[in-house]
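S.K.:
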Amino acid sequence: MSRSFYRDTWVEVDLDAISHNVQCARKYIPDAELIAVVKANAYGHGDAPVARAALDAGASRLAVAFLDEAISLREAGIDAPILVLGATRPEDVNLAAAHRIALTVFQQDWIEQAKQFWSSEDVLQLHLKLDSGMGRVGIRTEEELSACIQSLQSAPYFDLEGVFTHFATADELDTSYFVKQKERFENQINWLTKHHINPRLIHCSNSAAALRFPECRFNAVRIGIAMYGLTPSPEIRHLLPYPLQEAFSFHSKLVHVKRIESGESVSYGATYTTEKDEWIGTVPVGYADGWIRKLQGFEVLVDGVRVPIVGRVCMDQMMIRLPYDMPIGTQVTLIGRQKEENVSVDDVASYLDTINYEVPCMVNFRVPRVFRQNGKIVEIENLLTKQ
Ligand SMILES: *Cc1c(COP(=O)(O)O)cnc(C)c1O
Numbered sequence: 151m152s153r154s155f156y157r158d159t160w161v162e163v164d165l166d167a168i169s170h171n172v173q174c175a176r177k178y179i180p181d182a183e184l185i186a187v188v189k190a191n192a193y194g195h196g197d198a199p200v201a202r203a204a205l206d207a208g209a210s211r212l213a214v215a216f217l218d219e220a221i222s223l224r225e226a227g228i229d230a231p232i233l234v235l236g237a238t239r240p241e242d243v244n245l246a247a248a249h250r251i252a253l254t255v256f257q258q259d260w261i262e263q264a265k266q267f268w269s270s271e272d273v274l275q276l277h278l279k280l281d282s283g284m285g286r287v288g289i290r291t292e293e294e295l296s297a298c299i300q301s302l303q304s305a306p307y308f309d310l311e312g313v314f315t316h317f318a319t320a321d322e323l324d325t326s327y328f329v330k331q332k333e334r335f336e337n338q339i340n341w342l343t344k345h346h347i348n349p350r351l352i353h354c355s356n357s358a359a360a361l362r363f364p365e366c367r368f369n370a371v372r373i374g375i376a377m378y379g380l381t382p383s384p385e386i387r388h389l390l391p392y393p394l395q396e397a398f399s400f401h402s403k404l405v406h407v408k409r410i411e412s413g414e415s416v417s418y419g420a421t422y423t424t425e426k427d428e429w430i431g432t433v434p435v436g437y438a439d440g441w442i443r444k445l446q447g448f449e450v451l452v453d454g455v456r457v458p459i460v461g462r463v464c465m466d467q468m469m470i471r472l473p474y475d476m477p478i479g480t481q482v483t484l485i486g487r488q489k490e491e492n493v494s495v496d497d498v499a500s501y502l503d504t505i506n507y508e509v510p511c512m513v514n515f516r517v518p519r520v521f522r523q524n525g526k527i528v529e530i531e532n533l534l535t536k537q
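Heads up, the sequence shown is in this note's numbering, so the first residue is 151 and it goes up one at a time.
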């Protein structure tokens, strides 16, 4: 494969890890459809290659946040059913139908407006979103639900394929709020049954719920974070039923190495001053890649050892303190393994006082993605050169 990026900074996505994580979920949850959640460019990993690996490993559907993300998958040639989890504009219903993309609905007004815009010969699949306690989008009352059902009944071209809700606390050890949401959802499903509505798909579990609460699987589960090999939260790590494999790693190379005398400073603001003669390496990664300034003081790996990021992180570059003189071109690992050492996505999240979900999403379009399968590079995505 020809080289399609020209900077010494890249992300590697291990598609075998994605396959492993999906196959484990497939075996552990044999009776429900697996919906692979690939929103936000597959949590920063790269949507189309991750979607293909997930579908090959046993997922039967995909989910994204908004219509553009779904169309992007269609344009990459992906044929599987796709559900948009968030809101879509009513004027875009024909576009969704043309691409066979299922939409989420939760307002009668929306359905009425969508009927006005409808001009397609196709059928549009819809999933009804119920708010059981997340407080984000969704129907809360039986009145709202009846109104939506009534509006749908005079629109045979809208096919109510599914109904779902989303948990706010499935990743917490304290299950009280989770239980409350689950009971509300069951009650909401009863409202539907009362109206003789039995959608083919009922789904409520994200990764945490799917892996912890078998009684919550219904006939489909939505797996996001666990597919990427990351735990939904550190506090439930010990409850996971199988070992996850992290798919995301982040690398660069030294582009400059120099010896700096004791008492000299490094980077903007001169916030770091050497205490003795030190070897300082420059790495071509910065906050404009998503490697934010708060990471000053965090560690990266070179030659299998942890070394600190010294001085402020610049827009496109940062400096690290090397244990000894190292050659230009030495690989620097920001996330991932070198020899016996590992910097995990969770380590970065913990340093930044955030959740692991945010970390691969932070590493943005400036950083090309290299996809590996069976040890070989199978695809490279560079959103800058579109190669
Ligand atoms: C993002 C998302 C998911 C996936 O959640 P994970 O915790 O990553 O498994 C599932 N459902 C909805 C509605 C989401 O927005």
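Glycine residues also receive a C-beta, built at the ideal position from the N, C-alpha and C atoms.
Measure the C-alpha to C-alpha separation of Met151 and Asn356 and round it to an integer number of angstroms.
M.R.: Confidence at Met151 is low in this model, with a pLDDT of 47, below 50, so the placement of that residue should be treated as unreliable; the coordinate-derived value is given next. For Met151 and Asn356, the distance between alpha carbons rounds to 36 angstroms.
S.K.: Which residue wins for smallest C-alpha separation from Trp160, given the options Ile347, Val528, Asn514 and Asn524?
M.R.: Asn514
S.K.: Using CA atoms only, rank isn't needed, just tell me which of Gln257, Tyr193, Ala359 and Trp268 is closest to Asn244.
M.R.: Trp268
S.K.: For Val482 versus Val520, is the C-beta spacing smaller than 7 angstroms?
M.R.: no
S.K.: Quick check: does the Cβ of Leu276 come within less than 6 angstroms of any heavy atom belonging to ligand 1?
M.R.: no
S.K.: Considering only residues of the stretch 227-274, which uninterrupted beta strand (DSSP E) runs meet the minimum length of 3 residues and lie entirely inside it, listed in chain order?
M.R.: With a minimum length of 3 residues, the continuous beta strand (DSSP E) runs that stay inside the stretch 227-274 are 232-234 and 251-255.
S.K.: Rounded to a whole number of angstroms, what is the C-alpha to C-alpha distance between Ala420 and Ser412?
M.R.: 14 angstroms
S.K.: For Asn171, which of Asp496, Gly447, Phe398 and Gly486 has the nearest alpha-carbon?
M.R.: Phe398
S.K.: Classify Gln488 as helix, strand or coil using the three-state DSSP reduction.
M.R.: strand
S.K.: Identify whether Asn340 lies in helix, strand or coil by the three-state DSSP scheme.
M.R.: It is helical.
S.K.: Using the rule of at least 16 other Cβ atoms within 10 Å of the residue's Cβ for burial, across every protein chain shown, is Lys344 buried or exposed?
M.R.: Result: exposed.
S.K.: Return the CA-CA distance between Pro349 and Cys174, expressed in angstroms with no decimal places.
M.R.: 27 angstroms
S.K.: Entirely within the stretch 287-314 and at least 4 residues each: give me those alpha helix (DSSP H) ranges in chain order.
M.R.: 292-303
S.K.: To the nearest angstrom, how far is the alpha carbon of Asp218 from that of Phe155?
M.R.: Asp218 and Phe155 have their C-alpha atoms roughly 25 angstroms apart.
S.K.: Assuming His170 is part of the alpha helix (DSSP H), what are its boundary residues?
M.R.: Leu165 to Tyr178
S.K.: Assess, as a yes-or-no matter, whether the stretch 437-449 is touched by the stretch 462-470 under the definition of 3 or more beta carbon pairs within less than 8 angstroms.
M.R.: Touching, per the Cβ criterion.
S.K.: Closest by CA to Ala252, which one among His401, Arg211, Lys403 and Ser494?
M.R.: Arg211
S.K.: With H, G and I counted as helix, E and B as strand and the rest as coil, what does DSSP make of Val517?
M.R.: DSSP places Val517 in coil when its eight states are reduced to three.
S.K.: How should Ala370 be labelled, buried or exposed, when 16 other C-beta atoms within 10 angstroms of its C-beta is the threshold for buried?
M.R.: With 16 or more other Cβ atoms within 10 Å, it is buried.
S.K.: Starting from Ser355, trace the beta strand (DSSP E) in both directions and tell me its first and last residue.
M.R.: Taken as a continuous stretch (DSSP letters only), the beta strand (DSSP E) holding Ser355 covers Leu351 to Ser355.
S.K.: Quick check: the Cα distance between Arg471 and Arg409, rounded to an integer number of angstroms?
M.R.: Between Arg471 and Arg409, the C-alpha separation is close to 10 angstroms.
S.K.: According to DSSP, what are the bridge partners of Tyr422?
M.R.: Val416
S.K.: Could you compute how far the alpha carbon of Arg224 sits from the alpha carbon of Gln257?
M.R.: Separation of Arg224 and Gln257 (C-alpha to C-alpha, rounded to the nearest whole angstrom) is 27 angstroms.
S.K.: Please state whether the Cβ-Cβ distance between Ala207 and Leu165 is less than 7 angstroms.
M.R.: no
S.K.: Where Glu162 and Pro518 are concerned, what is the direct C-alpha to C-alpha distance, given to the nearest angstrom?
M.R.: 9 angstroms
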